[in-house]
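Protein sequences appear in the order of chains A and B.
Residue numbers for the first sequence follow numbering that gives the first Met the number 0, so the first one is 0 and each next one is one higher.
Residue numbers for the second sequence follow numbering that gives the first Met the number 0, so the first one is 0 and each next one is one higher.
We put the beta carbon where it would ideally sit given N, CA and C, even for glycine.
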Amino acid sequence: MIGSVPTVTTAVSLDDVAKRFGSRHVIDDVRLDVADGEIVTLLGPSGCGKTTLLRLIAGLETPTSGVVTVGAGSAVDARRKKAIGFVPQSPALLPWRSVAANARLLLEVNRSANPADHPDPMDLLVEVGLGEFAGALPHELSGGMRQRVALVRAFALAAPILLLDEPFAALDEITREDMRHLLARLCERSPATIVFVTHSIPEAVFLSDRVAVMSPRPGRIVDVVDIGLTRPRTPDIEDDPAFFELERRVRHALHAGMQR
Amino acid sequence: MRARAVIAPIVGLAVFFGLWELIVWIRDLPPFELRAPSDIVGFLVENPGAYWDAALVTGAHAGLSLVFSLTIALAVGALVAASRFAEDATNPVLTLIQVTPFVVYLPSIVLWLGGGNAPVLLVGTLVCLPPFVFATVAGLRAADPAARELLASVDASAWEQLVRLRLPAALPSISTALRYNIGLALIAVYLAEGGNLSTSGLGFLGERAASFNNANGVWATVFCMAAIGVVGLVLVGVADRVLLKWHASQR
């Protein structure tokens with residue numbers, strides 16, 4: 000890549016997207032382009048439709064109006080091609096499967112769409128510190144460990160697009176910090192385009208290239224903050240004054256969005 | 000833990016049979032009213048051969064009925080769990096099967112299929128079918144919605160979802176239904192054997208003993224039935240330990 004002229008292509012494009020459930024307007028008028036390899040966070044108060052937006056990109060919902068483009072085609076096409084790695088809010092591990100078997104799960108279904116080359120889930124488990132738990136059942140793990148298995152399961156797909164839906168929402172603050180540092184490490188190495196949903200400002204600033212701030216229902220993108228911190232993102236940047244300044248800007252954008 | 004698992008059931012049974020024995024002796028009940036367990040066991044020990052053979056037949060009838068009904072229930076359950084229409088169409092029929100006393104239509108079945116194993120297996124299968132279908136449907140539907148969504152996000156087929164997610168998730172409720180159905184299947188095949196034209200099984204022995212006013216003979220078949228039931232429940236318990244060690248019920 001370095002040395003050649005980078006051609007920026009769009010990995011995910013939302014054009015005037017709206018979603019209604021009956022008479023309930025969940026999201027409205029959402030426009031957002033995510034470039035190939037970019038990490039964009041959707042940040043907003045709970046109930047603002049962040050999760051719905053992510054599900055639209057994952058092809059799990061269809062928009063009421065507007066167009067969702069993922070890669071070259073529709074979100075549903077991307078889903079069929081296993082182009083999307085999804086990390087849900089709850090780890091959604093299958094309780095009867097060992098950690099290793101859970102990490103492999105998504106590679107075992109719809110096999111014909113598997114990429115020619117993908118990382119070994121076992122190597123990823125070792126990398127996130129779960130090597131010795133490969134044979135354990137999910138109920139024997141802590142909440143943070145389960146969510147690490149869910150991350151491995153998604154990264155093992157080697158999908159060009161990763162969608163993470165508040166994966167750390169149920170974790171305590173200390174575990175959460177560890178998890179965002181771990182996720183940053185995994186993201187730095189992966190060429191995937193990542194859309195991350197959270198309501199945590201430090202998480203959004205630490206991980207993202209851009210933060211899309213959403214307003215309460217009906218959810219709209221009210222501001223997009225460029226983060227521009229250097230990569231790789233290591234824990235020490237959280238002490239950088241630039242980090243605080245970005246947190247402040249994102250928080251103000253969030254509050255401005257709440258007033259509308 | 001291990002010792003308790005062995006001792007507790009023995010204590011429970013000893014208390015139950017001890018009280019039974021005591022009531023018969025203290026109240027000096029006449030033999031036609033209630034036999035003492037010691038009489039019945041004595042009778043069994045004197046004539047073991049016929050009861051052992053009959054118990055094998057009845058055990059096979061009940062076991063096959065459970066296998067047939069579970070096989071049908073898995074197929075019907077998978078269909079019903081996928082379609083509300085299929086559910087609404089099958090529910091009344093299953094309820095009808097469940098609430099109709101099968102002794103009412105047993106003679107028709109015997110006339111239709113003749114004597115032998117066929118009517119016994121049909122009644123056993125019919126009786127176990129509704130609980131298995133209800134349990135299968137409830138279990139298949141209970142699969143974690145987040146896991147369903149996860150599999151949908153990589154476009155897993157309906158079959159893959161069934162095999163990887165829904166069926167394993169349904170195992171605990173199917174196991175519970177199996178525990179109830181062991182009792183139902185045994186009772187059904189016992190009565191079918193008794194009301195049938197064939198000459199094998201505990202139901203037949205019990206029926207014949209009753210017609211000769213041989214109360215010990217009737218009660219001996221009941222004790223054999225209980226023994227088969229206990230063996231069945233122990234087998235389910237072992238299967239649960241292996242297949243459901245991930246489930247909260249086994250921890």
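Indicate the three-state DSSP secondary structure (helix, strand or coil) for residue i in the structure shown.
i      : result
G216/B : helix
T63/A  : coil
S189/A : coil
V10/B  : helix
V16/A  : strand
G227/A : coil
H254/A : helix
R233/A : First, the amino acid is wrong: residue 233/A is Thr here, not Arg. If DSSP states are grouped into helix, strand and coil, T233/A belongs with coil.
H180/A : helix
D239/A : coil
S251/B : Here chain B has residues from 0 to 250 only, and residue 251/B is not among them.
A211/A : strand
G17/B  : helix
L31/A  : strand
T23/A  : With the sequence shown as reference, residue 23/A is identified as Arg, and Thr is not the correct amino acid for it. Of the three classes helix, strand and coil, the one that applies to R23/A here is strand, per DSSP.
L245/A : helix
D239/B : helix
F205/A : helix
T8/A   : coil
L53/A  : helix
D76/A  : helix
L41/A  : strand
For residue i, is the classification buried or exposed, using 16 other Cβ atoms within 10 angstroms of its Cβ as the cut-off for buried?
i      : result
L95/B  : exposed
V33/A  : buried
D239/A : exposed
F85/A  : buried
Q249/B : exposed
L18/B  : exposed
D27/A  : buried
N212/B : exposed
P118/B : buried
S3/A   : For S3/A, the pLDDT reaches just 48, beneath the cut-off of 50, and the residue's location in the model is therefore unreliable, although a value from the coordinates is still provided. Answer is exposed; the Cβ neighbour count stays below 16.
H60/B  : buried
Y189/B : buried
Y104/B : exposed
W218/B : buried
W51/B  : exposed
Q290/A : Beyond the ends of chain A as shown, which are 0 and 259, falls residue 290/A; an answer cannot be given.
L234/B : exposed
L150/A : buried
D239/B : buried
S251/B : The first residue shown for chain B is 0 and the last is 250, placing residue 251/B beyond what the model contains.
Using the beta-carbon of each residue, which ones in chain A are nearer than 9 Å to residue i?
i      : result
E159/B : E107, V108, N109
D154/B : G58, V75, R78, R79, K80, K81, V108, N109, A112
P167/B : L93, P94, W95, R96
D87/B  : Residues of chain A passing the Cβ test: none, with the nearest at roughly 24 Å.
Chain B partners of residue i, CB-CB under 7 Å?
i      : result
A252/A : Near A252/A there are no residues of chain B at all, since even the closest Cβ is about 30 Å away, more than 7 Å.
A102/A : Simply none; closest approach about 13 Å.
L136/A : W245
Kindly list, in the order they appear in chain A, the residues whose Cβ is closer than 7 Å to that of residue i.
i      : result
A146/B : A91, L93
L149/B : F85, P87, A91
L164/B : L93
D143/B : A91
Review point. What are the start and end residues of each continuous alpha helix (DSSP H) run of 4 or more residues lying completely inside the stretch 30–114 of chain B, in chain order?
Key: If only complete runs of 4 or more residues are kept, the stretch 30–114 of chain B shows the alpha helix (DSSP H) at 36–45, 47–81, 83–98, 101–112, in order along the chain.
**Study point:** Continuous alpha helix (DSSP H) assignments of at least 4 residues falling wholly in the stretch 86–154 of chain A
**Key:** If we require 4 residues or more, the alpha helix (DSSP H) runs fully inside the stretch 86–154 of chain A come out as 98–107, 120–126, 142–154.
Point to revise | alpha helix (DSSP H) segments (min. 4 residues) lying fully within the stretch 159–236 of chain B | key: Here the runs fully enclosed are 166–193, 201–210.
Review point. Is it true that the stretch 84–101 of chain A meets the stretch 125–145 of chain A, where meeting means three or more beta-carbon pairs spaced less than 8 Å apart?
Key: In short, these stretches touch, since the Cβ pair count reaches three.
Point to revise | Complete runs of the alpha helix (DSSP H) confined to the stretch 119–164 of chain B [at least 4 residues] | key: With a minimum length of 4 residues, the continuous alpha helix (DSSP H) runs that stay inside the stretch 119–164 of chain B are 144–151, 157–160.
Practice item. Could you tell me whether the stretch 37–44 of chain A touches the stretch 195–202 of chain A, where touching means 3 or more Cβ pairs closer than 8 Å? Key: Per the Cβ contact rule, the stretch 37–44 of chain A is in contact with the stretch 195–202 of chain A (3 or more Cβ pairs under 8 Å).
Review point. Can at least three beta-carbon pairs, one atom from the stretch 188–201 of chain B and one from the stretch 164–174 of chain B, be found at a separation below 8 Å?
Key: Under the three-pair Cβ rule at 8 Å, the stretch 188–201 of chain B does not count as touching the stretch 164–174 of chain B.
**Study point:** Contact between the stretch 144–155 of chain B and the stretch 62–69 of chain B (3+ Cβ pairs under 8 Å)
**Key:** Fewer than three beta-carbon pairs drawn from the stretch 144–155 of chain B and the stretch 62–69 of chain B are found closer than 8 Å, and the two stretches are therefore not classed as touching.
Point to revise | Any 3 or more C-beta pairs closer than 8 Å across the stretch 105–120 of chain A and the stretch 69–83 of chain A | key: Enough Cβ pairs lie closer than 8 Å, so yes.
Check your understanding: Do the stretch 14–26 of chain A and the stretch 204–221 of chain A touch if we need at least three Cβ pairs shorter than 8 Å?
Key -> Contact holds between the stretch 14–26 of chain A and the stretch 204–221 of chain A, because three or more Cβ pairs, one in each stretch, are under 8 Å apart.
Review point. Do the stretch 181–191 of chain B and the stretch 126–138 of chain B touch if we need at least three Cβ pairs shorter than 8 Å?
Key: Touching, per the Cβ criterion.
Check your understanding: Are three or more beta carbon pairs between the stretch 96–105 of chain A and the stretch 166–176 of chain A nearer than 8 Å?
Key -> As far as the Cβ criterion goes, the stretch 96–105 of chain A does not touch the stretch 166–176 of chain A, which means the pair count is below three.
Exercise for review: Report yes or no: do the stretch 137–149 of chain B and the stretch 209–229 of chain B share at least 3 C-beta pairs separated by less than 8 Å?
Suggested key: The stretch 137–149 of chain B, when compared against the stretch 209–229 of chain B, does not touch it at the 8 Å Cβ threshold.
Review point. Does the stretch 225–233 of chain A come within contact of the stretch 11–25 of chain B, defined as at least 3 CB pairs closer than 8 Å?
Key: In short, these stretches do not touch, since the Cβ pair count stays below three.
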